[in-house]
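So the structure is just underneath, and the comments pick up after that.
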Amino acid sequence: DGGITQSPKYLFRKEGQNVTLSCEQNLNHDAMYWYRQDPGQGLRLIYYSQIVNDFQKGDIAEGYSVSREKKESFPLTVTSAQKNPTAFYLCASSSNRGYEQYFGPGTRLTVT
Amino acid sequence: LAKTTQPISMDSYEGQEVNITCSHNNIATNDYITWYQQFPSQGPRFIIQGYKTKVTNEVASLFIPADRKSSTLSLPRVSLSDTAVYYCLVGPPLNRDDKIIFGKGTRLHILP
């Protein structure tokens with residue numbers, strides 16, 4: 001089945017530790033995105049990538065880093081510099097010829 | 113990207129038709145209107161997209177007046193499982209410099 005996978009579904013970390021969230025897609029999509037969602041809020045864009053080896057900052061990139069070494073993969077690292085990392089993280093992908101985004105199931109990160 | 117305004121929340125009853133309106137006064141000529149649905153702890157799911165007049169699929173209808181400054185998502189005969197957040201997005205088909213912005217959406221609550 002084609003789709004986007006994110007792992008793990010739940011992640012717990014201690015404050016001060018970096019953590020990497022996985023996102024893989026087999027839809028052959030060029031573009032991939034990372035969003036953050038806080039309780040009762042909409043989605044906020046962290047980073048996006050329209051092509052391999054290139055990515056752009058979204059609205060809330062501070063404290064996060066990404067890489068795009070392969071078309072299928074777009075991992076997100078939440079660094080210790082992110083002040084409030086506890087949130088629901090969503091990865092998405094889309095074809096550059098369209099407007100529909102396909103979302104993964106999300107990773108709920110809790111930092112204590 | 114055009115700013116959108118939609119109601120924060122709506123209630124309706126099972127079996128009713130629900131209409132959610134989105135205002136986008138600054139819509140550009142090449143902008144499309146897209147709606148997503150999100151259930152708790154899941155990623156958003158594409159519902160429907162349109163440019164003008166009316167679009168219908170197996171899930172919903174999208175009505176767009178001639179001036180395109182607003183749009184209405186119509187959900188026929190809703191059920192309890194339609195309780196979700198609905199996002200209206202306006203923008204051009206993706207290209208290298210574009211990104212999608214999700215607002216807070218409309219929380220639809222279906223009552224028995």
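These protein sequence lines map, in sequence, to chains Y and C.
One point on numbering: in my numbering, the residue at position 78 of the first sequence is 78, and numbering is uninterrupted.
So the number in my numbering is just where the residue sits in the second sequence, counting from 1, plus 112.
Using N, Cα and C, we set each Cβ at its ideal position, and we do this for glycine too.
Please read all numbers here as calculations on a predicted model, not as lab measurements.
- Contact annotation for Ser153 (chain C) against chain Y: Phe88, Gly106 and Arg108 [CB-CB distance below 8 Å, chain order].
- Using a Cβ distance threshold of 8 Å, Tyr148 (chain C) and Leu185 (chain C) do not count as a contacting pair.
- Here the alpha carbons of Asn53 (chain Y) and Val111 (chain Y) stand approximately 29 Å from one another.
- Contacts between Lys216 (chain C) and chain Y, judged by CB atoms closer than 9 Å, involve Gly40, Gln41 and Gly42 in chain order.
- In the displayed model, Ser182 (chain C) falls within a strand according to three-state DSSP.
- Nearest in C-alpha terms to Thr20 (chain Y), of all of Y:Ser67, Y:Ile4 and Y:Phe55, is Y:Ser67.
- For chain C, the residues of the stretch 41 to 68 of chain Y that bring a beta carbon within less than 9 Å of one of its beta carbons are Gln41, Gly42, Leu43, Arg44, Leu45, Tyr48, Gln50, Ile51, Asp54, Gln56, Gly58 and Asp59, in chain order.
- Proximity of Phe12 (chain Y) to chain C, defined by a Cβ-Cβ separation below 8 Å, is not satisfied.
- Within the same chain, Cys134, Ser135, His136, Cys200, Leu201, Val202 and Gly215 come within 8 Å of Thr116 (chain C) by CB-CB distance, once the 5 residues on both sides are set aside.
- As DSSP reads the structure, Arg189 (chain C) sits in no beta bridge.
- In this structure, the CA atom of Lys164 (chain C) is about 7 Å from the CA atom of Pro177 (chain C).
- Scanning chain Y for C-beta atoms nearer than 8 Å to the C-beta of Pro119 (chain C) yields nothing, as the closest lies near 14 Å away.
- Counting along the chain, the unbroken beta strand (DSSP E) around Asn131 (chain C) starts and ends at Val130 to Ser135.
- Under the Cβ criterion (8 Å, minimum of three pairs), the stretch 71 to 84 of chain Y does not count as touching the stretch 168 to 176 of chain C.
- Distance from the CA of Ile4 (chain Y) to the CA of Cys91 (chain Y), rounded to the nearest whole angstrom, comes to 8 Å.
- If the five residues before and after Lys57 (chain Y) are omitted, its C-beta is found closer than 7 Å to the C-beta atoms of Tyr47, all from its own chain and listed in chain order.
- Excluding five sequence positions before and after Ile51 (chain Y), the CB atoms of its chain that fall closer than 7 Å to its own CB belong to Asp30, given in chain order.
- Pairing Lys14 (chain Y) with Pro85 (chain Y), the inter-Cα distance amounts to about 11 Å.
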